[in-house]
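When the letters of the sequence shown are read in order and numbered with numbering that gives the first Met the number 0, they come out as residues 0 to 158.
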Amino acid sequence: MSRPARPDERAHAHPARAAWEFQDPILVDCPACGACASVRVTEPAAEDRFHRVSFGARRMTCSKCSAVREQPASQISKPSMGLPLRLVAPTRHGELKFYNLEHLDYVRAYLADRVRTETFTEDGPRNASVFSRLPAWAKRAQARDEVLAAIDKARAKAA
Ligand SMILES: [Zn+2]
Numbered sequence: 000m001s002r003p004a005r006p007d008e009r010a011h012a013h014p015a016r017a018a019w020e021f022q023d024p025i026l027v028d029c030p031a032c033g034a035c036a037s038v039r040v041t042e043p044a045a046e047d048r049f050h051r052v053s054f055g056a057r058r059m060t061c062s063k064c065s066a067v068r069e070q071p072a073s074q075i076s077k078p079s080m081g082l083p084l085r086l087v088a089p090t091r092h093g094e095l096k097f098y099n100l101e102h103l104d105y106v107r108a109y110l111a112d113r114v115r116t117e118t119f120t121e122d123g124p125r126n127a128s129v130f131s132r133l134p135a136w137a138k139r140a141q142a143r144d145e146v147l148a149a150i151d152k153a154r155a156k157a158a
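Following this line, the structure appears as structure tokens:
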């Protein structure tokens, strides 16, 4: 007879998602005051008749100092407008970066689980998925508590 699984061994499903799904908004350091500012898409990405993709226009706004920066649509992908990401979790092994709180919580829930299963849909992202791109050290059980603590510290910077 097989032993029943302990609650922490039960597999939780973490649907695969691509990083770009978390790029609106992107939280950055405000270049004017250093507070948490937000970059949003103001015009969606588009493809011209030569199938050249142009990345959509973006606008940064800071609710603390009211700074506003604009970035026109461009052939070059600059999702955070060249500004440093706000949600960075440094650890002894390296750092994890997150575009926004949804992205951070998504990765945190995955790393917090002892049993990690990523469910894929037929047309879903596979190699481009956020989890498949996490560094190996972040997924190691020994680093788990340190990594989660660093992520929680990063979360507090979103205010
Ligand atoms: Zn500001």
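Every residue gets a Cβ at the ideal spot worked out from N, C-alpha and C, and that includes glycine. Treat the numbers as computed from the prediction; the structure is a model and nothing was measured.
{"Query": "Residue nearest to Val67 in terms of C-alpha spacing, selected from His92, Ser131, Ala36, Ala155", "Result": "Ala36"}
{"Query": "Beta carbon nearer than 5 Å to a non-hydrogen atom of ligand 1", "Result": "Cys29, Ala31, Cys32, Ala34, Cys61, Lys63, Cys64, Ala66"}
{"Query": "Residue range of the unbroken beta strand (DSSP E) whose run includes Glu20", "Result": "Element bounds for Glu20: n/a, residue is neither H nor E."}
{"Query": "Whole-Å CB distance - Asp28 paired with Leu82, under 8 Å assumed", "Result": "6 Å"}
{"Query": "Bridge partners - Asp151, DSSP secondary structure assignment", "Result": "Its beta-bridge partners do not exist; DSSP assigns none."}
{"Query": "Exposure of Gly55, with buried meaning 16 or more beta-carbon neighbours within 10 Å", "Result": "buried"}
{"Query": "contact_flag[the stretch 101–110, the stretch 136–147] where n(CB pairs < 8 Å) is 3 or more", "Result": "yes"}
{"Query": "C-alpha gap between Ala171 and Glu101, whole angstroms", "Result": "The chain is shown from 0 up to 158; residue 171 falls before or after that span and cannot be answered."}
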